[in-house]
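All residue numbers for the sequence shown refer to the working numbering, where the first residue is 5 and numbers rise by one. To start, the structure under review is shown below, and the notes come after it.
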Amino acid sequence: MKRLFATSNIRVGYMDDIKTDKPIAIAVKDVCYKDGEKWDIAHLTVGEIRKLRDVLNAVIILVCVE
């Protein structure tokens, strides 16, 4: 998986090495898990990631205007 974005609590990557209809993976660290590290992973289609981008852009614009 090619990492596209990462912070200490979230990672986004693209799986170019396998054939899948959901090539984008988003992993979010479960901060409530106390016995080591636990990551929740969601796999998204290109269409789903575009919708997510549009929603995040709208929220960023709203926050920056206020």
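For each residue, glycine too, the CB sits at the ideal point set by N, CA and C. Nothing here was measured: the structure is a model prediction, and the numbers come from that model.
- If you check the CB distance, residue 28 and residue 11 do not come in under 9 Å.
- Using a Cβ distance threshold of 9 Å, residue 46 and residue 35 do not count as a contacting pair.
- Beta-bridge annotation (DSSP): residue 6 is paired with 18.
- For residue 44, the enclosing beta strand (DSSP E) begins and ends at 43-48.
- Take residue 7, set aside five residues on each side of it, and the residues of its chain with a beta-carbon closer than 8 Å to its own are 15, 16, 17, in chain order.
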